[in-house]
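Here is the structure we will look at, set down as structure tokens.
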Amino acid sequence: VRCRKGAVALLGKVTTLVAKRAAEEDAENTLGVRRVINHLKVRPSEWPGDPAITRAAEQALRRDAVLAGLDLEASSHFGKVYLTGVADTSFQKNRAEAVLANLPGVLDVVNRIDVDAQWQAKPDDQIQEDVARRLRWSPLLDAQPITVSVSDGVVTLQGTVETYQQREAAVKHARQGGAR
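To convert, count from 1 in the sequence shown and add 20; that's our numbering.
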């Protein structure tokens, strides 16, 4: 780990993609960190080869209770797994990627799953009210001075937060409040 003026660079090797992502998340959640550059390389102790990775990925997608009924496909090319298909929700799309990230030999996941969900439009004033309420009730953000403005379903958040984790939480709350 190298740090300079709030920027953190992660260097070295890990055995799984999950470990790489966890290290980045830990760095992002560290007080004072403003930016993370993740140069960690995924180097499994034993590389099973693309056909075995593809089989394991497809089996993992079928075994997962959240993903079992979906028509998803996975293919591996030099350890990079490409996901395609259609999911009902963004949660399912993200879940598919998370399921594959811990498989042996997976170096990266390219998630090309389409989400077949319709955005439910709400009036801008209702979105603004919902987002502001979510920010007020968030234990991470209740004391932060964040202003919310909405134009045609697009939410703009302005203010200052102390950590990257708080920034991501604010964006998540805006989406949950109805932001397009």
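Each residue gets a CB set at the ideal place from its N, CA and C atoms; glycine is no exception. Remember, it's a predicted structure, so these values are computed and weren't measured experimentally.
Exercise. Tell whether a beta-carbon distance below 8 Å holds between Val130 and Ala121.
Key: Taking 8 Å as the Cβ cut-off, Val130 and Ala121 do not qualify as a contacting pair.
Quiz prompt | Sheet register partners of Val174 (DSSP bridge) | solution = Under the DSSP definition of a beta bridge, Val174 partners with Ser171.
Quiz prompt | Inter-residue Cα distance where the pair is Trp67 and Val86 | solution = So the two alpha carbons sit approximately 28 Å from each other.
Quiz item: Counting pairs of beta carbons, one from the segment 158 to 173 and one from the segment 192 to 199, are three or more of them closer than 8 Å?
Solution: The segment 158 to 173 vs the segment 192 to 199: in contact.
Self-check item: 6 Å Cβ shell around Ser95 - same chain, five flanking residues per side excluded
Solution: For Ser95, the CB contacts under 6 Å within the same chain, skipping 5 residues up- and downstream, are Thr74 and Tyr102 in chain order.
Quiz prompt | Unbroken alpha helix (DSSP H) run spanning Ala189, endpoints | solution = Element bounds for Ala189: Tyr184 to Gln196.
Quiz item: Are there three or more Cβ pairs, one per stretch, closer than 8 Å when the segment 76 to 84 is compared with the segment 52 to 62?
Solution: Using a C-beta cut-off of 8 Å, the segment 76 to 84 makes no contact with the segment 52 to 62, since fewer than three inter-stretch Cβ pairs fall below that distance.
Quiz item: In angstroms, rounded to a whole number, what distance separates the CA positions of Leu177 and Leu92?
Solution: Taking the straight line from one Cα to the other gives about 35 Å.
Quiz item: Can you name, in chain order, every residue of its own chain whose Cβ lies under 7 Å from the Cβ of Arg41, other than the five neighbours on each side?
Solution: Ala121, listed in sequence order.
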